[in-house]
Each structure stands twice: as C-alpha cells, then as structure tokens.
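Numbering (UniProt numbering), first residue to last: 1 to 287. Beta carbons: idealized from backbone N, C-alpha and C, even for Gly. Every value quoted in this text rests on a predicted model; they were computed, and no experiment measured them.
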C-alpha cells in the first residue's frame, strides 16, 4: 500500500487529473450505489451477517470444546508434566491457526466500510498473531517429543501440519512485503492478489484437515484402553467431546469458505479507492 492511500483524491491528482476525477465522480457514485444495492443489498446483508454470526458461534464453540477436552480429560496445561506441556499444542493451534486465521480471512468482508489500509493492518495483525501462537504450539509438541524420546514428523498429521506452517509463514512474509510496505507498483500488487487469496484459502482448508487428523490421532492415543483409560469405542464423555470438536472445526471451516467465496458478499471499493485506482491507471498509461 502506498503512503497516499489515505489522502484526499483531489490532493493526489494534478489539476487536469482532478478535473477528470470530478467529471467521472457521478459515474463513480452511480457505480457505488448500484454495487451496494445489487451486490450487497438488504437481503445479502442479512445473509452475510447470519453466516458471520454462525461462524463466530462455531469458532467459540471449538475453543470451548478443546478447552474442556484438555482440562477435563487430558490433565490440563502447564509445565509440571510432559503431558501438560503437550496440551499447549492443541490449545494454541486451535486459537491461532483455526480461529484467528479464519477471522483474518473475513476482515475485508465484515468491515467493508473501513479504509483498505486499516483492513490490511488488521488482517496482518490477526495473521501475525495466529503465526506466533502456531510457532509456540509447534515448540510445545517438539519439546514433548524430545522429552519423551518420540520421533518428530512421522505421522500424516505432522507432515501436513509442517507443510501448512511453512507455506503459511511464506504467505505471511510475501503478503506483508507486497501489500503493507510502500513501494511496490500497483500493477504487481494486482498481479499477486489473486494468488494471495487462493493460497490463503487453500491453507485454511489445509489447517482444517490438519486439525481433524490431529484430533483423531490424539483421541486414539489417549483413549486406548491402557492404564485405566477407556477405549475410544466406549462412547464415553471424552468421545462425545472429541467428535463434537471435530464436527465443529469442519463446520467452522465450511462457513468461512462459503462467506469468502460467495461473490454476493464481496467488498466494493470505496469512492476514494476508485479515485486512486483511476489515478494509478492514468499514471501507468502515461509511462
């Protein structure tokens, strides 16, 4: 994003370009009106907000379920035992890579009337927070394996999870440089944006798959019938919590994907953003 994003369009344009902006202003206003009426009318507002509220309820339910699972059936979190150390992993991964990552994806559609610069910063903050929590969660499971002399990166859960972490880190770094640091030409940003969106959504689906694999893996290990523990197949309270957690993660991912792939809910550019786009196009044509 350039440093001029938040300025008045008339101050950004030359006098001739400013006159051209004023001549096009009625068309922009008409476009904005039509876009808001046709692209995000009253019915779409209700549908989107209903979906958004559902996503937040599901996300909070996921956090509650993983907290209940850890506190009631897995011994809680802490540093007193290796099991408690491991339990940081599902908690931090759920908070970061599932809930915060999902909300980061929704930022542009939920806060559609905010300036794009503010949305970019909030999007980066949420994704950055998700990355920090995920790194801490990864450290917890690595340290647990080290303490227990268990090999790392042998399961399908760890392979897909490791790949997702590497790609997510790269996606965050490239997105930060491309869209937050001034200097990159708008042409290149427009070229990068579709790939950024596609990769981000793909990563979120990979997060959901990784979470389901991890939940299943931990369920099998913890409900093995050994050392007084029940079997997974005994349909105890732990089984119910685990299965509800998996279903809730699946539904949360599905609702987020629906909200961000439905073009009826797509954010429309604000008038000043349209003006800047016109200026950039005119500048590019002159060059």
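What three-state label does DSSP hand residue 231 in the structure shown? strand
Drop a sphere of 10 angstroms on the beta-carbon of residue 166, count the other beta-carbons inside from all chains shown, and report buried for 16 or more, exposed for fewer. exposed
Give every residue of the same chain whose Cβ lies closer than 6 angstroms to the Cβ of residue 127, excluding the five residues on either side of it in the sequence, and list them in chain order. 104, 172
Is DSSP giving residue 71 helix, strand or coil here? helix
Run the CB neighbour count on residue 183, radius 10 Å, all protein chains shown included, and call it buried at 16 or more, exposed below. exposed
Residues bridged to residue 248 (per DSSP): Note: residue 248 sits in no beta bridge, so no partner.
If we count the other Cβ atoms within 10 Å of its Cβ and call it buried at 16 or more, is residue 155 buried or exposed? exposed
Does the Cβ of residue 33 have 16 or more other Cβ atoms within 10 Å, making it buried, or fewer, making it exposed? Legend: pLDDT at residue 33 = 41, less than 50; position of this residue unreliable, no value from coordinates given.
Would you list the one or two residues that DSSP bridges to residue 224? 231
Mapping the DSSP letters down to three states, classify residue 182 as helix, strand or coil. coil
Go to residue 97, then tell me how far its alpha helix (DSSP H) extends in each direction, as first and last residue. Segment: none, residue 97 is in no alpha helix (DSSP H) and carries neither H nor E.
Write down the C-beta distance between residue 73 and residue 211 rounded to the nearest angstrom, noting that I regard them as a contact closer than 8 angstroms. About 17 angstroms; that fails the 8 angstroms criterion.
According to DSSP, is residue 258 part of a helix, a strand, or is it coil? helix
Residue 155 in three-state terms, based on DSSP: coil
Secondary structure at residue 189, three-state DSSP: helix, strand or coil? helix
Going by the CB atoms, is the gap between residue 99 and residue 59 shorter than 8 angstroms? yes
Does residue 53 pass the burial test, meaning 16 or more other C-beta atoms within 10 Å, or should it be called exposed? exposed
In this structure, does DSSP put residue 270 in helix, strand or coil? coil
Can the beta-carbon of residue 65 be found less than 8 angstroms from the beta-carbon of residue 256? no
If we call anything under 8 angstroms between Cβ atoms a contact, is residue 160 one with residue 209? yes
Beta-carbon separation of residue 249 and residue 62 under 8 angstroms? yes
Measuring alpha carbon to alpha carbon, tell me which of 176, 206, 197, 199 ends up nearest residue 162. 206
Do residue 145 and residue 217 have their C-beta atoms closer together than 8 angstroms? no
Span separating the alpha-carbon of residue 51 from that of residue 259: 7 angstroms
Could you say which of 170, 198, 219, 266 lies nearest to residue 245 if we only look at CA atoms? 219
Return helix, strand or coil for residue 52, following the three-state DSSP convention. helix
Local conformation of residue 217 per DSSP, three classes: helix
Please report the distance separating the alpha-carbon of residue 253 from that of residue 193. 22 angstroms
Tell me the rounded alpha-carbon separation between residue 47 and residue 81. 47 angstroms
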